[in-house]
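Protein chains in written order, with our numbering: chain A, 266 to 564; chain B, 34 to 556.
The block underneath contains the structure these notes are about, expressed in structure tokens.
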Amino acid sequence: MTAVIEASGLVKTFGRTRALDGFDLTVQPGEVAAFLGPNGAGKSTTIRILLGLLRAEAGAVTLLGGDPWRDAVALHRRLAYVPGDVTLWPTLTGGEAIDTLGRLRGGLNEARKRELIERFDLDPRKKGRTYSKGNRQKVALIAALAADAELYVMDEPTSGLDPLMEAEFQKVVRELTGEGRTVLLSSHILAEVEKLCDTVTIIRDGVTVQSGRLADLRHLTRSAVTARTRDDAAGIGELAGVHDFASGADGLVTFSLDGDHTADVMAALAARGIVALESAPPSLEAMFLSEYGTAKASK
Amino acid sequence: MSAFAGTGMLLRVALRKDRVRLSVWVGLVVLLAFYCVDAVKAAYPNEGDLAALLGFVQGPAGVAMTGPGYGLDTPTYATVFAGVYALYVYLAVAFMGATAVVRHTRADEESGRSELIGAGAVGRFAPLTAAGVVAMGASLVTGVGIVGATWSYGSAADAWLLGACAASVGIVFAGIAAVAAQLAERARSAMSMASAVIGAAVVVRGVGDIMREHGSWLSWFSPFAWAQQTRPFAEPRWWPLLVPVVVAACLWAASAVLLARRDMGAGLVAQRPGRSHASRWLAGPYSLALRLERGSIIGWSLGVGFSGLLYGSLAASVQESLANLPQNLKTVLLAQDGDLVDAYAATMAFFDALLVACFAIVAVHRLASEEAAGRAEVVLAAAVSRRTWVGASVVAALVGSVVVTLAGGLGLGIAVGASLGDSSRVWPLVLAQAAYLPAVAVVIGVTAALASARPRWVSAAWALVGWGMFAGFFGQLVSLPQAALNASPFHSSTSPGLRSSRSPPLRSWRCWRRARRSWASRW
């Protein structure tokens, strides 16, 4: 199976700023790939290179088997895009903008468009300039999601949406991947990425710092456990899978726990008589914070 | 006074934002004044030779394009500058004042910057006040510059009067722009409104001045006439300047009242729901570009068509005035075309062609503004190539130019035909207007090339229209070298004998190819 997106060693500079500095990204067919990174890490730059709006200075990039710069038009018929910062034509209504954008890329699915307008609760008769940020976002989302595309590229697709609409968006994305379509989305909403995505690529200062299947990356993350036991819990720190163990004066211990060892460690804790237990699940957020944190520290 | 809180701060922000743009504006206007002063002296080293000018400036077309002609019976360098060239200096100041106000009011509001500012400790009237102070300040500084330019004429009082006139025009049109900025929801529409008023003011005073020597009652409806009726260097009088002072005060009060009555971001006309689907017709990059240009095409067609009607309706009085002209003037005027009405109409067609070129620049300007707003990104991310995208805007500008040209030509032709009771006049005038289309195509090509190379350069295209206007109206009078005349895309259109490899169609084709190439290579 050939990858939908295959980028390696991408370099892009703006004046003296190196926005991308040898960045790699691979997205396989049928997967939902998340693309994470702090503000200014190079997410939008990467997406624009993938769309052939910018030209990379070095590195190789293949999208749907073509060259995104050279074959832009042909490739764009097969993909749909939601920009990070949606601006609409002030004099066109939302409905007109959706139809126009759809037709510009080669048509959209009328039935799905009507359904999406309904589901996202959009009034398509308002002029572009009168929409709020969230409603502008909906217009761009509907225009992209109503397209019968092989690949959907979305730059922070849910920014400005309310939680109900976010949930609706996640449903739609699942429906799309159920049909075998591929999605690349950049996001800051980690809960959303955890729910939706199969693979994660983390970019920082223009370089890939983590990438892989979300399930595989979980091993990098650990639950944060805080427990109070009747008996002394000092031995817990010696167990396999326990890291950063610390015990307080009042019998309170905190440590982080690898998921694979949860059963053993919990049994050991239970043997010491658990009084109180709090466990924060392994989260992307922990990974995210640790990656971002080191970025800050290294600066 | 809390409604004005923060004005000082906003004023400093506006000056900081505008330090280059406004300096260039002021500098260019003052330079224009200095250049005109110098050019007349260079072209007519002997002040006595200025009488040769009279043939042009005292004919109806000349009056329409210059002014009421005070002091031109015994022309001096000073009266020729004040009576002929000053209008163009005033025109430049008018645009400077209007753009400055729109830029700091509605443009900020449309982009959302005002929301951020309004949430701070900033009074409701502060942005409008700051914009007004910037525009008036720039007008006054320009006025002082023009005093400097006319100082060499030796009459300090008249120089100061002329400077004050220039400043008064800037201040009045800043006020008109302030009202337009309250009425329109978008900066573009506000600027179109203000430009339409500027255009109407030029036409009204032209028609008014043709109706009667030294201006009729109609002239007095135009801010340009208020400045010209002070008769600097002829029989100077200051009192007409009271009119712009009072009118500007009323306009600023009106804009404040309108501002106090509306919501932020809103115009005065309430929004109605529009279509929920795009029409079948709106289906690709070309139809999108035309759809976006639709309102502008309609507005410009009405404006240019109306100005054609107005000028054309004077054909009968132009023909009458022929009988009263001295014989030597007749020979000057009739040398070229043999028909005074045709000569008059040809000048008006040239004037309308300049307006069409202005429309075209504004239309192609969309390339730059769409890119800046990020809308180019979504279009280019669809199945639209860069070439098609640039091409769509260029085609929309061309189609719009054809429509506006037809409106102007028909307006002029029908009015001339009706005024003389001669329907055979209509089509030749439509064709005469259409003959300028290749020149407009050159302007479109240059604008597209500039927008493609660097969106920020696009405004430089206005220089082409400015040069075209100067070379067309005054090129012969100040004996510009042939090469300088040829640099105007409108020049060879007026003289078919000059068409060679440098003819407009070929030049526009070259510009167009350059535009496509520079877009394809930019990233």
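Glycine included, every Cβ here is placed at the ideal spot set by N, Cα and C.
Whole-number beta carbon distance between residue j and residue i, since they are thought to touch under 8 Å
i: B/A425; j: B/Y344; result: Contact doesn't hold; Cβ gap of about 34 Å is too wide.
i: A/S273; j: A/G324; result: 6 Å
i: B/V290; j: B/A210; result: So it is not a contact: roughly 16 Å between Cβ atoms.
i: B/A484; j: B/L400; result: 4 Å
Identity of the residue in the options nearest residue i by Cα
i: B/L195; options: B/S172, B/F206, B/A214 and B/A520; result: B/S172
i: B/V279; options: B/L315, B/T107 and B/I204; result: B/I204
i: A/R384; options: A/F434, A/P333 and A/A533; result: A/F434
i: B/P108; options: B/L83, B/V134 and B/A97; result: B/L83
i: A/K391; options: A/E375, A/R379 and A/G360; result: A/G360
i: A/S521; options: A/A432, A/S512 and A/S488; result: A/S488
i: A/G506; options: A/H526, A/L441 and A/G516; result: A/H526
i: B/A200; options: B/A75, B/A267, B/G407 and B/V174; result: B/V174
i: B/V276; options: B/G317, B/A197, B/C69 and B/L347; result: B/A197
i: A/G371; options: A/H341, A/R283 and A/T473; result: A/H341
i: A/T589; options: A/L426, A/E431, A/E459 and A/L416; result: One cannot answer for residue 589 of chain A here, as it falls past the ends of chain A, which runs 266 to 564.
i: A/T311; options: A/E459, A/P294 and A/D289; result: A/D289
i: A/A376; options: A/A411, A/G500, A/A535 and A/W354; result: A/A411
i: B/G407; options: A/P294, A/W354 and A/D523; result: A/W354
i: B/A286; options: B/A207, B/Q352, B/S185 and B/A234; result: B/A207
i: A/V404; options: A/I382, A/V418, A/L275 and A/R343; result: A/I382
i: B/V463; options: B/M381, B/G478, B/S350 and B/S329; result: B/M381
i: A/S476; options: A/A299, A/P294 and A/G295; result: A/A299
i: A/L357; options: B/S334, B/S312 and B/A115; result: B/S312
Contact set for residue i: own chain, Cβ-Cβ below 6 Å, skip 5 residues either direction
i: B/S534; result: Residue placement at B/S534 cannot be trusted, given a pLDDT of 28 that sits under 50; what the coordinates show is reported in the next sentence. Nothing listed; no residue qualifies.
i: B/A47; result: H137, A163 and V167
i: B/S249; result: G241
i: A/T491; result: T519 and E543
i: B/V117; result: V90 and T99
i: B/D191; result: P265, F266 and P269
i: A/L517; result: R493
i: B/V337; result: D385, L388, V437, A440 and G441
Neighbourhood of residue i by C-beta distance below 7 Å, restricted to the same chain and skipping five residues each side
i: A/T267; result: G330
i: B/L387; result: V498, G501 and M502
i: B/V459; result: G446, I447 and G450
i: B/W495; result: I394
i: B/A36; result: G156, R157 and F158
i: B/S147; result: D141, P160 and M297
i: B/L470; result: S434, V435 and T438
i: A/K277; result: A284, L285, T310, I314, L319, A321 and E322
i: A/C462; result: V297, A298, A299 and L479
i: B/L251; result: V237, V240, G241 and M244
Counted within 10 angstroms of its Cβ, other Cβ atoms place residue i as buried (16 or more) or exposed
i: B/P78; result: exposed
i: B/S512; result: exposed
i: A/P348; result: buried
i: A/I270; result: buried
i: B/Q215; result: buried
i: B/C283; result: exposed
i: A/T282; result: exposed
i: B/D370; result: Residue confidence for B/D370 is low, a pLDDT of 45 falling below 50, so the modelled location carries little weight; the figure read from the coordinates is stated next. So B/D370 ends up on the exposed side.
i: A/E421; result: buried
i: B/W193; result: buried
i: A/R439; result: exposed
i: B/W58; result: buried
Contact set for residue i: own chain, Cβ-Cβ below 8 Å, skip 5 residues either direction
i: B/V155; result: A38, G39, M42 and L43
i: A/T423; result: Q402, M430, E431, F434, S452, I454 and E457
Sheet register partners of residue i (DSSP bridge)
i: A/F279; result: A/T282
i: A/K392; result: A/T358
i: A/Q475; result: A/I467
i: A/H508; result: A/S521
i: A/D420; result: A/S451
i: B/I243; result: Answer is none; B/I243 lacks a bridge partner.
i: A/Y346; result: A/V418
i: B/A287; result: Looking at the DSSP assignment, B/A287 forms no beta bridge with any residue, so it has no partner.
i: A/G331; result: A/L328
i: A/S544; result: A/V490
i: A/S273; result: A/A325
i: A/V297; result: A/V448
i: A/G292; result: Looking at the sequence provided, one finds Val at residue 292 of chain A rather than Gly. According to DSSP, A/V292 bridges with A/I270.
i: A/I576; result: Any property of residue 576 of chain A remains undetermined from this structure, which presents chain A solely from 266 to 564.
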